[in-house]
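Protein chains in written order, with this note's numbering: chain A, 928 to 1213; chain B, 928 to 1213.
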């Protein structure tokens, strides 16, 4: 497996692949891999001739009081896991390579980023869109694969790619879960054993919401009342948001008529976890 | 010559050229060609295997009270001039193709756009950077050629390309002038005969500034006092700005030590004209 650290080498490598007719499949990550990341890499392996995985903990998407410094990292373990999952290249740029002196350009997707994590984490999606625009220009992929766990991120990236006419396909893959339903996240390592138990309130809320929807409930307020009441009774939890939104606009909706998503962000202890359910889709939670 | 109107056709056309080893040279324009545009196309002809010229009057870079609606247009004349100058393709997208429903993504180059036209025309460079990012993703050029008359625009685009790691070269070409020194501009057609005479105050100011610099003057304030005093005495003129800035940061400077530019924006009647001089460079004004 190739490890590439500079933008120039990455661009030359991908340009040569493209010119020889090879299909480049890209999985952008912040590293510290779990099965969710590995499932994206396996999908990339199926869809591309060359699988590029980037590992970069992007400072511009973290707020000043967030967990940038303590975000978990383990390059050697990640390298081995990526190789086993079928990656051909790890792109591992430095901060100096990504944001050199005089850096000053940002991409703003203005509407779909206003609600949910955009409200709770000002500047987060500006950082996400910017680093993805940069990475896409570096890796020049034919397709890039993202997890649906970060649903608003996926919508934002799709919107940016369409709006800026970036010539690549964005693929969203289902959330990978622990056996008991907890969505996999690099941040799960922050949880104490008691918090790990409380963290199940997110996936269980999705399951409750799906059940209500399947029984015919279409009033967003009634579903949310049920969910927030339930989460408030779980120890060590604090709801950051619990909303039902249009998947097109990411604005709150009252009635579940067009495609809609229930999105949750809950602090469990001091760890902020997110999860979501697109109404009408499958949900494999026991 | 090929005329292409859709993003998809343009991308497929350029991707095929790139894959066959051809070099794509791009000249983005708002049309209504004068010799300045044609000189950029002739340069593109020298540097590329295929010359693509876009014609698009971009609404997002015009302010609400600006001249979007009356901006001069003449496609048939432009088509002939571009063909004579060596263009292979005119890319001529519609507003619906460029900014479809739900459009919401903008590129902001935050620092070099603060001064000069960025002060006078809020949102202008956001529109310029965004449309150039889009056009570069559509045309996929190896190089793009811009005139130095729009100096702050050139600095902004270079900054965006470097920051977002767009894999193309940006080439700046000297300003083309009328015999009497007036910088060529599509907006010169707005000038009455008397205003056309007053409009010479811009190029004559540059020449005065160059003479002062060549005589050893390095105090920006003294050069600007001389220039503004001169322009204020010319009929039908109103200075929008007259500044001396660093070409790296585009911030005002007091002493001409590192590379610096004198930038002028002057209303002549109701027509706003710009011009600039990078100290130390040639200036062919009689």
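Think of the CB as a built atom: it goes at the ideal place given N, C-alpha and C, for glycine as much as any other residue.
Would you give the residue range spanned by the alpha helix (DSSP H) that residue i belongs to?
i: residue 1074/A; result: From DSSP, residue 1074/A is part of no alpha helix (DSSP H) but of the beta strand (DSSP E) over 1070 to 1074.
i: residue 1185/A; result: That residue, residue 1185/A, is in no alpha helix (DSSP H); it is neither H nor E in DSSP.
i: residue 1055/B; result: 1051 to 1066
i: residue 960/A; result: Counting along the chain, residue 960/A falls outside any alpha helix (DSSP H), and DSSP gives it neither H nor E.
i: residue 1139/A; result: 1127 to 1141
i: residue 1117/A; result: Segment: none, residue 1117/A is in no alpha helix (DSSP H) and carries neither H nor E.
i: residue 1084/A; result: 1078 to 1090
i: residue 1007/A; result: 1002 to 1012
i: residue 1026/A; result: Taken as a continuous stretch (DSSP letters only), residue 1026/A belongs to no alpha helix (DSSP H), as it is neither H nor E.
i: residue 947/A; result: Per DSSP, residue 947/A belongs to no alpha helix (DSSP H) and is neither H nor E.
i: residue 1047/B; result: 1044 to 1047
Who are the near neighbours of residue i in its chain, counting only those whose CB is closer than 7 angstroms to its CB and skipping five residues on each side?
i: residue 1147/B; result: 1171, 1180, 1181, 1182, 1183
i: residue 1167/A; result: 1047, 1192, 1193, 1194, 1199
i: residue 1081/B; result: 1073, 1075, 1099
i: residue 1119/A; result: 1196
i: residue 934/B; result: 1020, 1024, 1065
i: residue 1101/B; result: 1075
i: residue 1178/A; result: 1042, 1172
i: residue 962/A; result: 1103, 1111
i: residue 1008/B; result: 960, 965
i: residue 1097/B; result: 1071, 1073, 1084, 1085, 1088
Pop quiz: residue i and residue j are said to be a contact at Cβ under 8 angstroms. What is the actual Cβ separation, rounded to whole angstroms?
i: residue 1071/A; j: residue 953/A; result: 4 angstroms
i: residue 1110/B; j: residue 1129/B; result: 7 angstroms
i: residue 1154/B; j: residue 1135/B; result: 6 angstroms
i: residue 1039/A; j: residue 1176/A; result: 7 angstroms
i: residue 1002/A; j: residue 995/A; result: The Cβ separation is near 17 angstroms, so there is no contact.
i: residue 1190/A; j: residue 1078/A; result: 6 angstroms
i: residue 1114/A; j: residue 1211/A; result: Contact flag wrong, Cβ pair sits at about 21 angstroms.
i: residue 1054/B; j: residue 987/B; result: 3 angstroms
i: residue 928/B; j: residue 1010/B; result: 5 angstroms
i: residue 1150/B; j: residue 1139/B; result: 5 angstroms
i: residue 940/B; j: residue 931/B; result: 6 angstroms
i: residue 1213/B; j: residue 1108/B; result: 6 angstroms
Going by DSSP, name the residue or residues bridged to residue i.
i: residue 1202/A; result: 1191/A
i: residue 1179/B; result: 1172/B
i: residue 1018/A; result: 931/A, 981/A
i: residue 952/B; result: 978/B, 1070/B
i: residue 1166/A; result: 1193/A
i: residue 971/B; result: For residue 971/B, which the question treats as bridged, DSSP gives no partner whatsoever.
i: residue 1110/B; result: 1104/B
i: residue 1146/B; result: 1182/B
For the beta strand (DSSP E) that residue i lies in, which residues bound it at each end?
i: residue 1096/B; result: 1096 to 1100
i: residue 894/B; result: In the structure as shown, chain B begins at 928 and stops at 1213. Residue 894/B is therefore absent and cannot be evaluated.
Under 6 angstroms Cβ to Cβ from residue i, same chain only, skipping five residues before and after it: list those, please.
i: residue 1012/A; result: 965, 968, 969
i: residue 984/A; result: 957, 998
i: residue 1036/A; result: 1056, 1083, 1086, 1087
i: residue 1203/B; result: 1078, 1188, 1190
i: residue 1145/B; result: 1182, 1183
i: residue 1122/B; result: 1163, 1195, 1196
i: residue 1052/A; result: 1040, 1045, 1083
i: residue 981/B; result: 955, 1018, 1062
i: residue 1161/A; result: 1125, 1128
Under 8 angstroms Cβ to Cβ from residue i, same chain only, skipping five residues before and after it: list those, please.
i: residue 1060/B; result: 1034, 1087, 1091, 1093
i: residue 1186/A; result: 1173, 1174, 1175, 1205, 1206, 1207
i: residue 1032/A; result: 1057
i: residue 1000/B; result: 958, 959, 984
- Could you say if the stretch 1014 to 1026 of chain B and the stretch 1056 to 1067 of chain B meet the contact criterion of at least three C-beta pairs nearer than 8 angstroms? yes
- Query: Counting pairs of Cβ atoms below 8 angstroms between the stretch 936 to 955 of chain A and the stretch 973 to 992 of chain A, do you hit three or more?
  - Reply: yes
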